[in-house]
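Input: a single structure, listed below in C-alpha cells.
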Amino acid sequence: MKKNLPVLFVIFGGSGDLAHRKLYPALFNLFRKGALQENFAVVGTARRPWSDDYFQETVQQAIVENVNAVDRDLVDQFSRHFFYQSHDVTDENHYIELNNKIEQLESQFKTQGNRTFYLAMSPQFFGTISQHLKAQNLVTDTGYNRLVVEKPFGHDLESAKVLNQQIGDSFAEKDVYRIDHYLGKQMIQNIMYLRLTNPLFDSIWDSEHIQNVQVTLAESLGVENRGGYYETAGALRDMVQNHIFQIASQVAMKKPVSLTSTDIHQAKQEVLNSIQMYDADDVNRFFVRGQYAGNDSENSYREEEQVSPESTVETFVAGKLLFKAGPLQNVPFYIRTGKKLAQKTTRVDLVLKSSHDLFEQNQDNVISIEIDPENKLTVTLNGKQLSQTDLSSLQMKFAYTKDEVAQIPDAYEKLFYDFLIGDRTNFVHWHEVKTTWDFIDRIEKTWQEDAQPPFAYQNGSMGPNEVSRIFEGTTDSWVFKG
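Taken in order, the sequence shown gives residues 682 to 1163; the numbers are from this note's numbering.
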C-alpha cells in the first residue's frame, strides 16, 4: 500500500447516512494503515449549519460506531483533518466560498493540488454540482481532479446520457469514478484470479463445459425506510442494471490482454456489447417480477412507509441473460434478486455439463463462489458412496478464517484506495452504463405496456412460483434453494 497520499476531499452530502456509515470509516482505516497521513484534508458540505468542531465530533462518532478496536487518540488525530461548510449546491456563491476554503486547506495540509469531489447525495444534483465545480473554477490544472459518483447513474438510458453529458462538460471520462460498491468485495475481485490463474478452472471456463451460470443477490430484509426511493426504482433498476451486470460481465468476459484497467474494461465492454437484446415476447418469457406479500407479522410491500397501496413496483426480479460473444457464448445466465427472501446471500454458481452418462444418478458438478455473507469457494463433485457403487456428492471448500475475514478491507475502503492511486479497474465505465441501461429499458417498457402486476410471493421464500418459467425447455434449476 502506498503511504501518505496527498489529497483534499470534498464530500457533498457530508452530513448524510452514507458518509457516516461508510465513507468516514473507510477513510479512517486508510489513515491508520498509513495511506493517508499528514497531507490530507476533508471538507464536508451539506445544508445543515454545522461548525468545524461539531462536524469533527460527528466524524469521531461515526468511527466509534462503525470501526472495531479503535484508538481514541488516533480517532481524535484523524478528525482534525475534517472541516465543514454549509452549502447550497445550486448557489454559485457557495462554490466560490468553498474554493476559498479549499485553497486555505491545501496550503495548510500541503495536498499538492490533488482534489477529489465525492457526490454522496441525491443523483438529481450530480449534473448541477459537476457543472458548478467547473464554472466556479474548483477544477484546476494543478494536481489531479477526480469526481466520484454513487449509483444510480440515471433512471434510464436517456437520463443517464443527459447526466453523462453534464459531467463530461467538466470532467474527462478518465477522471470520473462511478462507484459500484459490489466491485470492492473480496470474492468478486477474486473471480478473475480464480478463473485465470488456475488451470483447473481456466481450462473449463467455456461454453463446452459450463451448462449455465447463476447469479443470486438475495436480501432477507424488506425495503425498510427506503420505500420512497424504491417506488422510483424497483429491483430491476436498483440491483440488475448495476450489481448483477457487473458480476455477470466479469464471469463472461474473455481473458483481458493485460491487467490494466483499460484492457479489463475493454474485455467487459466487448461481452456486454454482445448481450442478446429482448423483444416483448422474450421479456415475458425470460423475465419474471414479483412483490412480497407480507404475512400476519410482517408488512407486504404495499404496506411499507412511502409506498403506494396500489404499487406495481417489483421487489423481486429473475431472468435469463445470453451473451453472444466471449468464452461463455450462448451459455444461459440465470439471475435473480429480491427483498424479503429466505436468506441473505450474494453468490455465483457455475453448473458444469455432465461428462458422461454411465451413471444414471450423476449429479451436477458446481463451482460456487459465495460473496456474502461468507467469503467462500465450494466445488461440488461426484464420488463413490461408502461401501456401495452409487454416486455420492462430495465438496471441496475454501473459506477465509475469522482472522483473515477481519483483515479483509471493507468494499468502500478498497475503492477509496483505488481512486486515490488512480486505478479505475473496479469502477464502472460510461460505455458499460449505457449498454446495461439499453437492456433494462426494454424490459421496463414491456412491463409498463403489459400493465400486468408483479406476481405475489411469500416473505421468506425465494420468490414467486412463476420464476421457474425462465428455465422452460431445459433441465436447469436453481442450485441455491434458500
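Here a beta-carbon is modelled for each residue, glycine too, at the ideal position from N, C-alpha and C. Please read these numbers as outputs of a predicted model, since none were measured by experiment.
Reduced DSSP secondary structure (H/G/I, E/B, other) of residue i
{"i": "Ala1080", "result": "strand"}
{"i": "Asp935", "result": "The sequence as given places Lys at residue 935; Asp does not occur at that position. In this structure, Lys935 counts as coil in the three-state DSSP scheme."}
{"i": "Leu770", "result": "The amino acid occupying residue 770 in the given sequence is Val; Leu does not appear at that position. Looking at Val770 - three-state DSSP - the assignment turns out to be coil, as it is neither helix nor strand."}
{"i": "Thr1061", "result": "strand"}
{"i": "Gly1103", "result": "coil"}
{"i": "Asp837", "result": "coil"}
{"i": "His808", "result": "At residue 808 the sequence reads Gly, which differs from the His that was named. Gly808: helix per DSSP, three-state reduction."}
{"i": "Ile956", "result": "strand"}
{"i": "Glu985", "result": "coil"}
{"i": "Asn826", "result": "strand"}
{"i": "Ser851", "result": "coil"}
{"i": "Asn906", "result": "coil"}
{"i": "Lys1001", "result": "strand"}
{"i": "Thr1156", "result": "coil"}
{"i": "Glu900", "result": "coil"}
{"i": "Val1047", "result": "strand"}
Cβ of residue i within 8 Å of any chain B Cβ
{"i": "Ser788", "result": "Among the chains in the structure shown there is no chain B, since it carries only a single protein chain."}
Residue i to residue j span [Cα, whole Å]
{"i": "Lys1020", "j": "Tyr911", "result": "11 Å"}
{"i": "Asn1140", "j": "Leu1062", "result": "33 Å"}
{"i": "Ile692", "j": "Phe764", "result": "10 Å"}
{"i": "Gln1044", "j": "Glu1153", "result": "20 Å"}
{"i": "Arg907", "j": "Tyr973", "result": "15 Å"}
{"i": "Ile925", "j": "Gln789", "result": "43 Å"}
{"i": "Asp734", "j": "Phe798", "result": "22 Å"}
{"i": "Ile928", "j": "Asn780", "result": "38 Å"}
{"i": "Gln1076", "j": "Gly865", "result": "28 Å"}
{"i": "His1110", "j": "Ser1036", "result": "38 Å"}
{"i": "Thr821", "j": "Ala853", "result": "13 Å"}
Test item: CB-CB of residue i and residue j under 8 Å
{"i": "Leu708", "j": "Phe1097", "result": "yes"}
{"i": "Ser811", "j": "Ser840", "result": "no"}
{"i": "Val896", "j": "Val1029", "result": "yes"}
{"i": "Phe834", "j": "Arg859", "result": "yes"}
{"i": "Ser1142", "j": "Leu1033", "result": "no"}
{"i": "Val724", "j": "Leu786", "result": "yes"}
{"i": "Thr1127", "j": "Val964", "result": "yes"}
{"i": "Pro687", "j": "Thr792", "result": "yes"}
{"i": "Phe1004", "j": "Ala916", "result": "no"}
{"i": "Asn710", "j": "Pro1090", "result": "yes"}
{"i": "Tyr776", "j": "Gln805", "result": "no"}
{"i": "Gly694", "j": "Ala801", "result": "yes"}
Buried or exposed by the 16-neighbour rule on C-beta atoms within 10 Å, applied to residue i
{"i": "Gly1007", "result": "buried"}
{"i": "Leu689", "result": "buried"}
{"i": "Glu1051", "result": "buried"}
{"i": "Asp772", "result": "exposed"}
{"i": "Tyr874", "result": "exposed"}
{"i": "Thr1027", "result": "buried"}
{"i": "Ala899", "result": "buried"}
{"i": "Asp769", "result": "exposed"}
{"i": "Arg761", "result": "exposed"}
{"i": "Pro880", "result": "exposed"}
{"i": "Lys855", "result": "exposed"}
{"i": "Pro706", "result": "buried"}
{"i": "Asn845", "result": "buried"}
Residue i: CB within 7 Å of a non-hydrogen atom of the ligand NAD
{"i": "Arg827", "result": "You won't find the ligand NAD in this model; it holds no ligand whatsoever."}
>> Quick check: the region 1054-1061 against the region 1069-1089, are at least 3 beta-carbon pairs closer than 8 Å?
In response: Yes, the region 1069-1089 touches the region 1054-1061.
> Contact between the region 1119-1128 and the region 727-741: three or more CB pairs below 8 Å?
Replying inline: no
> Would you call the region 812-832 and the region 709-727 in contact, with 3 or more CB pairs under 8 Å?
Replying inline: no
> Just checking, does the region 1147-1162 make contact with the region 984-995 on the three C-beta pairs under 8 Å criterion?
Replying inline: no
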